[in-house]
Each structure stands twice: as structure tokens, then as C-alpha cells.
Amino acid sequence: MSHSGRSLAELEGIIERGLTTFVEVGSALMEIRDRKLYLGQYKTFDAYCRERWGFQRTRAYQLMSAAEVVMSTNVDIQNESQARELARLKDEEEIIAVYHELRDEYGDEHVTAERIRRLVTRRLERQHRDQQALARRNGRRLPALPPDIELRHGDFREVLADIPDASVDLIFTDPPYGKSALALWKDLSVFAARVLKPGALLISYSGQQYLPQVLEALGSVLEYVWLGWSPNQGSYSQIHQLRIRARGKPVLFYSKQDYEPRVWLDDVRYDSGAEKGLHPMQQSLETAHYYIEKLTEPKGLVIDPFVGSGTTAVASLRLARRFIGAEIDAGTLKGAQQRLAEEYNTS
Ligand SMILES: C[S@@+](CC[C@H](N)C(=O)[O-])C[C@H]1O[C@@H](n2cnc3c(N)ncnc32)[C@H](O)[C@@H]1O
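Sequential numbering from 0 applies to the sequence shown in numbering that gives the first Met the number 0.
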């Protein structure tokens with residue numbers, strides 16, 4: 000074979016461009032699958048991939064999940080092998096965290112698929128161990144739960160549908176922040192506009208990346224009141240594309256109809272920062288306690304549609320408020336139930 004005489008840089012440029020086409024291939028396959036464009040000539044999507052392109056099912060799904068990782072996380076992934084390793088994680092935030100951790104440790108140029116594979120494997124093994132520990136803990140009989148604290152298992156849109164209109168004194172919450180969760184914010188605001196008492200607040204933590212969309216969703220049915228801030232204590236995550244060290248997150252205040260301020264509120268809370276360990280996104284108990292105490296009376300009704308480890312519920316219990324919350328993940332909910340039961344039975 001005769002060679003072209005091109006330089007190493009030129010040849011590597013060709014390889015680099017070729018390695019990034021998997022995103023286009025994967026997203027084209029996804030569109031064909033989702034819009035069922037294969038149906039004219041093939042019975043199934045699998046048959047289409049096999050007969051038209053010679054792909055086995057797993058290959059087509061590898062390409063699609065790798066493309067999805069790149070499109071949904073916005074991190075600077077160089078090739079399909081890296082994306083495929085990251086696709087083993089189920090959560091966009093986890094993917095971003097892994098990628099950033101490796102870039103911080105090795106620098107931009109040296110985040111290899113092998114390094115991603117090792118870190119992802121370590122994380123998955125740790126999650127597996129945590130789940131087993133949780134299952135062992137959950138296997139034990141739960142002690143009695145507090146009577147005014149109700150934790151419901153399921154999607155908040157279904158399991159909180161029976162909350163009466165205009166009956167809630169405060170919604171204090173923390174939905175997932177990723178792109179795939181954006182639809183939840185619209186549903187959250189519609190829910191809040193129905194169940195909050197007129198003049199009452201929805202207070203919610205939020206991520207930064209999709210803040211314009213989040214504000215638009217909340218503002219479509221609620222009244223904007225204020226943008227507060229929750230600083231991290233010392234720690235930060237690095238957003239490489241923007242060269243920003245994120246040292247906190249927004250806290251959004253919206254009301255149903257015009258806000259009726261009855262007390263003075265701080266818009267920034269400096270918490271103890273030492274409470275992580277029950278949920279990856281666990282928030283400050285002190286902050287929840289502060290706003291619940293300020294904005295509700297004893298026996299007032301507090302709602303958290305995204306319970307997680309149960310932080311809002313614990314604060315409500317300590318303050319003798321009534322609480323109802325929803326959590327879609329059964330294992331997470333059991334962890335929250337255990338936390339509440341322990342809090343109740345030791346207080
Ligand atoms: C950011 S975490 C909340 C963490 C919580 N603030 C804490 O301190 O532990 C969001 C939680 O919402 C749950 N979730 C996501 N979608 C949901 C839905 N549609 N209905 C109810 N819970 C949901 C997730 O499983 C996750 O545990």
C-alpha cells in the first residue's frame with residue numbers, strides 16, 4: 000500500500016474527527032427508533048439494525064446510549080469508548096461528576112476511557128455495597144413513624160394528587176436538576192399553584208445549568224418572589240467548559256398569587272455542611288428548619304414532593320409541623336422512613 004505522506008497531526012486529525020461521528024450515528028439511530036421510521040420495510044428496530052447496517056442489537060444500543068451521554072451532559076467527551084464507559088452510570092449528574100473528577104486529577108488531555116472505566120466501576124461497586132447495606136437495614140422492622148409525618152411512595156404527580164386545593168402552608172423542596180428532569184418543574188409549579196394557600200411560598204433548590212428553563216416553568220403559573228443562595232461549605236465542583244468553580248446553588252422563592260410576607264427572611268443560609276451521607280443530593284437540615292420555622296405555625300402543613308433522604312420531613316418533625324412528601328425511588332424512601340423513625344424514637 001502506498002502512503003500519502005501526510006503528517007502525524009493531519010492523520011490524527013482524521014482519526015479524531017472519525018471518533019466523534021458516533022454521536023451523529025447514535026442520535027440518527029435514536030430518531031429512527033423513536034419515530035419508528037424503519038416500519039416501512041422492517042418489522043422491528045432490531046431487524047432494521049441487523050439487516051440494513053449489519054449491527055447486532057447491542058451495538059445499536061451502545062451507539063445510542065453513548066450519543067445520549069454526550070447530548071445530555073454537555074461534558075467534553077472525545078470518543079465513543081469514553082462515552083460508553085460513562086453510559087454505565089444512570090444519572091446525568093453522576094456522569095458529570097466522574098468526568099470532572101478525572102479532569103481535575105489528570106488534566107484535559109488524559110481522561111482516557113480506561114481511567115473512566117476504573118472510576119465508574121469503583122462507583123458502581125460502592126453503590127452496590129450501599130444498596131446491600133440499605134436492604135439489610137430495611138429488612139429490619141421499622142420502628143413506629145411519627146403520626147403527623149407521611150411519606151408516600153411514587154411519582155408526586157400521582158401520589159400527592161389528593162392534597163386538597165389551597166391547603167398547604169409551605170412547599171420546601173429539591174427536585175432533580177438534570178435536563179431529563181425539566182418537565183418536572185412545570186408539573187411542580189402547577190401542583191404548587193393548586194395546593195398552596197394564597198400568598199404562601201414554594202421554596203426550591205435548583206441547579207444552574209438549566210436555570211432559565213426552570214425559572215420559565217415556575218413563572219408560568221406562580222409569582223416570582225426572590226432568588227436566594229445556598230453556599231457549599233468549602234467544597235466546590237468545577238464546570239470546565241465555563242471555568243467556573245461552583246460554590247453553591249440557587250434557592251428559588253415563588254408564591255401562589257401575591258406573596259404575603261409576615262416575617263423577615265434571610266436569602267442566604269450558611270449551614271453546617273456536615274450532613275451528607277444519606278443521599279448524594281442531601282441538603283442542609285438547618286436551612287430547611289429555618290424556612291419552615293419562619294413560614295409556618297405548629298401543625299401547619301409542609302409538603303416536599305421530592306423527599307430524597309427526608310431532610311424536609313425531619314425539620315418538620317422537629318418543629319411539630321404536619322408533613323406529607325413523595326419519593327419515587329423505593330430504596331431511597333425506605334432510607335428516609337428509617338431516618339424519620341430513628342429521629343422520632345430518639346427524640
Ligand atoms: C435532589 S433529590 C432530593 C434530596 C433531598 N433534598 C435530601 O436532602 O435528601 C431529588 C429526589 O427526588 C426523587 N424524585 C425524582 N422524580 C420524582 C418524582 N416524579 N416524584 C417523586 N420523587 C421524585 C429522586 O428519587 C430523588 O431522591
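Glycine residues also receive a C-beta, built at the ideal position from the N, C-alpha and C atoms.
Predicted model, so just to flag it, every value in this text is computed and none were measured.
Residue burial classification, residue i (beta-carbon count within 10 angstroms, cutoff 16)
i	result
Ala273	In this prediction, Ala273 has a pLDDT of 49, which is less than 50 and means its spatial position is unreliable; what the coordinates show is noted afterwards. Ala273 comes out exposed.
Glu93	buried
Arg338	buried
Lys364	Outside the displayed range of the chain (0 to 346) lies residue 364, so it cannot be described from this structure.
Val267	exposed
His288	buried
Tyr37	buried
Ligand 1 heavy atom lying under 6 Å from the CB of residue i
i	result
Phe322	no
Asp129	no
Ala325	yes
Pro163	no
Gly307	yes
Gln282	yes
Thr286	no
Phe155	yes
Asp265	no
Asp328	yes
Asp173	yes
Thr72	no
Thr345	no
Thr310	yes
Thr19	no
Three-state secondary structure assigned by DSSP to residue i
i	result
His288	helix
Pro145	coil
Leu123	helix
Phe252	strand
Val69	helix
Glu296	coil
Phe44	helix
Ser3	coil
Ser337	Per the sequence presented here, residue 337 reads as Gln, with Ser not at that position. In the structure shown, Gln337 sits in a helix (DSSP, three-state: H, G or I).
Ile202	strand
Asp303	strand
Leu150	strand
Ala59	helix
Ala273	Residue placement at Ala273 cannot be trusted, given a pLDDT of 49 that sits under 50; what the coordinates show is reported in the next sentence. Correct three-state label for Ala273: coil.
Arg102	helix
Boundaries of the alpha helix (DSSP H) in which residue i is found, first to last residue
i	result
Thr111	From DSSP, Thr111 is part of no alpha helix (DSSP H); its letter is neither H nor E.
Lys185	Leu181 to Val194
Leu169	Taken as a continuous stretch (DSSP letters only), Leu169 belongs to no alpha helix (DSSP H), being part of the beta strand (DSSP E) at Val167 to Thr172.
Gly53	Counting along the chain, Gly53 falls outside any alpha helix (DSSP H), and DSSP gives it neither H nor E.
Under 7 Å between C-beta atoms of residue i and residue j
i	j	result
Ala86	Val68	yes
Ile302	Ile170	yes
Cys48	Ala65	no
Val213	Tyr258	no
Met70	Met29	no
Ser188	Ala216	yes
Ile291	Ser308	no
Opening and closing residue of the beta strand (DSSP E) in which residue i lies
i	result
Ser229	Glu222 to Pro230
Arg321	Arg321 to Glu326
Ser236	Ser236 to Ile238
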